[in-house]
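These notes concern the structure reproduced below.
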Amino acid sequence: AHLRGHLPPTHACGDCDYRTPNKYDLAKHLLIHAGIKKWQCSRCPNNYHTVSNLREHERMVHERLKRYACNICEKMFYDRTHLQRHVDSHNDIKRHECDVCHAAFSRRCH
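Structure, rendered in structure tokens:
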């Protein structure tokens with residue numbers, strides 16, 4: 001997300017001010033305006049725009065499998081990635097650097 005800020009937004013939404021350099025991000029965004037939520041949870045009536053959102057919902061709401069504990073505060077997480085991100089926040093670790101402006105971030109998605 002941070003790196004995209006250095007690129008000119010070439011794809012624009014016709015319904016709002018959303019602009020992005022990535023045509024796939026625009027396609028996902030357009031689903032919001034269309035009201036299309038094609039991924040339905042099999043355990044409840046919730047629907048999601050993307051399969052990754054559905055999977056996250058299933059793990060967090062229905063499975064509640066939080067097997068990984070923070071050794072600093074004992075908070076529980078359902079996967080190692082979220083645990084590591086949390087531990088990094090305790091230690092103010094910033095593992096990802098922007099190639100353009102060299103700003104440092106704790107998460108790659110910035």
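Residue numbering for the sequence shown follows the UniProt record's numbering, starting at 1 and increasing by one per position. Each residue gets a CB set at the ideal place from its N, CA and C atoms; glycine is no exception. It should be emphasised that the depicted structure is a prediction, and the values quoted were computed from it without experimental measurement.
(message) Please classify residue 20 as buried or exposed, where buried requires at least 16 neighbouring CB atoms within 10 angstroms.
(response) One-based indexing of the sequence shown puts residue 20 at position 20. So residue 20 counts as buried.
(message) Let me check understanding here. Comparing Cα to Cα, which of 81, 33 and 43 lies closest to residue 63?
(response) Along the sequence shown, read from residue 1 onward, the residue named residue 63 stands at position 63. The candidate whose alpha carbon is nearest that of residue 63 is 43.
(request) Can you check DSSP and say which residues form a bridge with residue 20? (result) Stepping through the sequence shown from its first residue, residue 20 is reached at position 20. For residue 20, the beta-bridge partners assigned by DSSP are 11.
(request) Round the Cβ separation of residue 17 and residue 33 to the nearest angstrom and send it over; I've been treating them as touching at under 8 Å. (result) Taking the sequence shown and counting its residues from 1, the one referred to as residue 17 is at position 17. Taking the sequence shown and counting its residues from 1, the one referred to as residue 33 is at position 33. Residue 17 to residue 33, Cβ: 12 Å. No contact.
(message) I believe residue 13 touches residue 31 by the beta-carbon criterion, under 8 Å. Please report the beta-carbon distance rounded to the nearest angstrom.
(response) Numbered from its first residue, the sequence shown carries residue 13 at position 13. Numbered from its first residue, the sequence shown carries residue 31 at position 31. That pair is no contact at about 11 Å.
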